[in-house]
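Take a look at the structure below.
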Amino acid sequence: MQLTVKALQGRECSLQVPEDELVSTLKHLVSDKLNVPVRQQRLLFKGKALTDDKRLSDYNIGPNSKLNLVVKPLEKVLLEEGSAHRLVDSPPPPLWQLISKVLARHFSVADASRVLEQLQRDYDRSLSRLTLDDIERLASRFLHPEELYQERKVNGCLGGCRWQLSTTGNISTRKSMTPWRY
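With the UniProt record's numbering, you'll find the sequence shown wraps up at 182, consecutive numbering, no jumps.
In structure tokens, the structure reads:
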């Protein structure tokens, strides 16, 4: 049967496929015609996303049907693959297990699970936003803590200071009762 696959950016192609073809095979054909990597493709028929392991006939896709192609950004694909890989292949790191135990003491099971999921999303988002400068700054602090100690000693902030930017734009320090934490 003849199918038309149209990308949202306007490109389209016609393909000849059997009715019982797997969606995953169709994606490979689309990849060849439109130069869109399979992992970035999401095929839709009448607004419904097609699953790779199902056949075209499972969705009642007949001759001369038109499918829509949504091209997922590569960053999103990599994040999805990383999350799926982490969830399937390995148990959660000890930190998340510990946080889960702490949350379980203070919340219901359902609430603790939601809080933990949101915390993990926020953590992943924060990590993905780190710049190379941020990473170098953190590494420098951990690899050379004596330099930070000397800097605080010179500025009189060994007891724990917080840096502030005043309304005039001058940097000043304020003593605080809480110890300095990175």
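Using N, Cα and C, we set each Cβ at its ideal position, and we do this for glycine too.
- If you keep only unbroken alpha helix (DSSP H) runs of at least 4 residues inside the UniProt domain "Ubiquitin-like" (1-72), you get 23-34.
- In the DSSP assignment, Phe107 falls outside any alpha helix (DSSP H), carrying neither H nor E.
- Approximately 18 angstroms separates the beta-carbon atoms of Gln40 and Leu15; this is outside 8 angstroms, ruling out the contact.
- With a beta-carbon spacing of about 21 angstroms, Thr4 and Lys72 fall beyond the 8 angstroms limit used to define contacts.
- Between Asp20 and Arg55, the C-beta gap is smaller than 8 angstroms, which places the two residues in contact.
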